[in-house]
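S.K.: One structure, pasted below without further comment.
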Amino acid sequence: MPILGMYTAKEVADIKRISVEDAERTTKVQMKKEINKLKDENIKKIIDTEERYGKAYGDLILEQIDIEKKLECKQTEVYVLRTILALETDKKIKRLEVIAQRTKKPRVRKKCENRIIDYKMRKIAYETK
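Residues in the sequence shown are numbered consecutively from 0, following numbering that gives the first Met the number 0.
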């Protein structure tokens, strides 16, 4: 207790200690608040970027799946067209072979044989690899 505005050395030391402790306590609280504020801001930024890139990544995956489905459809179409072409060439080859066997003229037989060879080459080209 001050007597006529005078403090003892012990009281002065206690007042300094208390003021220092209060100042340290308030600065620690302020520092914790600032750190928590920065953490919250960074977490929000991270969440925003994850959402943005997550959506973009999801869109890419959906687009890739769509392209793969279209590719499968096109592959089946190609397979069907190849089989149809092979069957058509088989029919033409058989027809030309019958004509070549029936005809007596060597010129017509030679033309049929050349066409048969041509259609057989086409059939080989149509086969799947």
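Glycine residues also receive a C-beta, built at the ideal position from the N, C-alpha and C atoms.
#1: Do you know offhand how far K36's Cα is from T48's?
#2: Looking at the secondary structure, which residues open and close the alpha helix (DSSP H) in which Y118 lies?
#3: Cα separation between V28 and D39?
#4: For the putative contact between T88 and K122, defined by C-beta atoms under 8 Å, what is the C-beta separation to the nearest angstrom?
#5: Alpha carbon to alpha carbon, what distance is there between Y118 and E96?
#6: So, for C137: in the same chain, excluding its five sequence neighbours on each side, which residues have a beta-carbon less than 6 Å away from its beta-carbon?
M.R.: Quick answer:
#1: 19 Å
#2: P105 to Y125
#3: 16 Å
#4: 4 Å
#5: 11 Å
#6: Since the first residue of the chain shown is 0 and the last is 128, residue 137 is not available in this structure.
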